[in-house]
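Here's the structure, in structure tokens; my notes come after.
In UniProt numbering, the protein residues as written are 1 to 399.
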């Protein structure tokens, strides 16, 4: 067992299954730690992957923005169930897109339910990612050539697809939650997080603007794309360059980080050290947040292979799912693996993190492979997860 994980990852890097990866794990006490880099950071340069490699963390950003929003709740700036219309009028003005009429014109109806912070943080506010909705794509007719170069309130001001609080679709809602934080605090997310999240944990290399931080751009991992027909990985740098030139702080997908720095956030939440949030707030993150209607909509979506393919990581079908505050809440335990109410999520280039409070374990898989939901990467993530649980238990058995 001791070498099987490492040999499997070395082989995967050599045979082209993945270009490289950073794996990190820690237990609550700090007695059990794992940190290892495999393969190369770029298929173009063949430079070795290092622990401090800068990666585009994409939707892993959602955890950071959720923490920022919950800090605003703790400070009395807003509650989870307040209507956000006053702070986000661009979103509040959006109607619900139901269909197109015979003339090809969109059919839009007024919404009845408020768009609350809780609904924004749990993807139950009526929004959806444009690429996941043919209906919304038809409405937009054209997409921004570079959405990262466009202000958030312009690029993401789209109609809703369902009544807030009655459905569940993975969405831009946490990008809007990030804009809410900016308007409540009168600071950009970069400024706010630098002081209230990264600074508190002595983190210097998480940012929305990697070109502005000394050394981060130089350590940037290249993006690899898997050919859907051959399975071969090829280098793609253009996407990284365009995203790194963003003008806005996209709280749902815009951050860059080294894995040791992002790991500090996971460790803080696992250890409940109150560096970021009060204990009662952290506890709430690991509790189910969805209404029955939204939970059922999420279950149906997760059982649809075409919809679930966007997400990486293994989720046994018999295991109940909900959404906590910050990630997917795995409600049921699986023997030898996740315990109940483990919080997990991922990022578009197939990064993956987990926090298991019952087992006292958190972990992070860092990689830069597209498209999202890459099956070979998903298998490596599951191998990593299970090996870490096994090693944690083996260590306890020796005590």
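Backbone N, C-alpha and C define an ideal beta-carbon position, used for all residues, glycine too.
query, result
"Whole runs of the alpha helix (DSSP H) within the segment 41-97, excluding any shorter than 4 residues", "61-74 and 89-92"
"With 16 other Cβ atoms within 10 Å as the buried cut-off, status of residue 195", "exposed"
"Beta-bridge partners of residue 365, as assigned by DSSP", "23 and 352"
"Through-space distance from residue 258 to residue 348, alpha-carbon basis", "16 angstroms"
"Rounded straight-line distance, which links the Cα of residue 232 to that of residue 5", "23 angstroms"
"contact_flag[the segment 102-114, the segment 171-179] where n(CB pairs < 8 angstroms) is 3 or more", "no"
"Identified DSSP bridge partners for residue 236", "223"
"Supposed contact pair residue 236 and residue 216 - C-beta distance, whole angstroms, cut 8 angstroms", "In fact, because the Cβ distance is near 19 angstroms, the residues do not count as touching under 8 angstroms."
"Secondary structure of residue 329, DSSP reduced to three states", "strand"
"For residue 433, the nearest candidate out of 160, 123 and 124 (CA to CA)", "Since the first and last residues shown for the chain are 1 and 399, residue 433 lies out of range."
"For residue 117 and residue 67, believed in contact at Cβ under 8 angstroms, the rounded distance", "Going by Cβ atoms, the distance from residue 67 to residue 117 rounds to 13 angstroms, so no, they are not a contact pair."
"Assumed close pair residue 57, residue 351 - CB separation to whole angstroms, cut-off 8 angstroms", "6 angstroms"
"C-alpha distance - residue 313 paired with residue 30, whole-angstrom precision", "25 angstroms"
"Beta-carbon gap between residue 181 and residue 192 smaller than 9 angstroms", "yes"
"Length of the line joining the Cα atoms of residue 125 and residue 163", "7 angstroms"
"For residue 206, the three-state DSSP class (helix, strand or coil)", "strand"
"Per-residue DSSP class, three states only, for residue 389", "helix"
"Exposed unless 16 or more other CB atoms sit within 10 angstroms - verdict on residue 19", "buried"
"Inter-stretch contact at 8 angstroms, needing at least 3 Cβ pairs: the segment 323-338 / the segment 286-301", "yes"
"Three-state class that DSSP yields for residue 449 in the structure shown", "This structure does not reach residue 449, given that the chain is present from 1 up to 399, and the question cannot be answered."
"Backbone secondary structure at residue 195 - three-state DSSP", "helix"
"According to DSSP, residues forming a beta bridge with residue 321", "330"
"Beta carbon of residue 392 nearer than 9 angstroms to that of residue 9", "no"
"Rounded straight-line distance, which links the Cα of residue 59 to that of residue 346", "6 angstroms"
"Inter-residue spacing [alpha-carbon to alpha-carbon] between residue 279 and residue 273", "8 angstroms"
"Inter-residue Cα distance where the pair is residue 43 and residue 94", "43 angstroms"
"Proximal residues to residue 63 (C-beta, below 6 angstroms), its chain only, five neighbours per side dropped", "326"
"Contact belief for residue 221 with residue 41 at Cβ below 8 angstroms, rounded distance in angstroms", "4 angstroms"
"Anticipated Cβ contact below 8 angstroms, residue 219 with residue 53, distance rounded", "5 angstroms"
"Candidates 253, 315, 249 and 230: closest to residue 17 by CA position", "230"
"Three-state secondary structure (DSSP) of residue 345", "strand"
"Contact set for residue 266: own chain, Cβ-Cβ below 7 angstroms, skip 5 residues either direction", "353, 355, 362 and 364"
"Contacts around residue 96, its chain only, beta-carbon distance under 6 angstroms, and the 5 residues preceding and following it disregarded", "109, 111 and 160"
"Cβ-based neighbour list, residue 46, same chain, cut-off 7 angstroms, excluding 5 preceding and 5 following", "40"
"Residue interval of the alpha helix (DSSP H) (run including residue 106)", "Residue 106 -> not in any alpha helix (DSSP H); beta strand (DSSP E) instead, spanning 106-109."
"Exposed unless 16 or more other CB atoms sit within 10 angstroms - verdict on residue 387", "buried"
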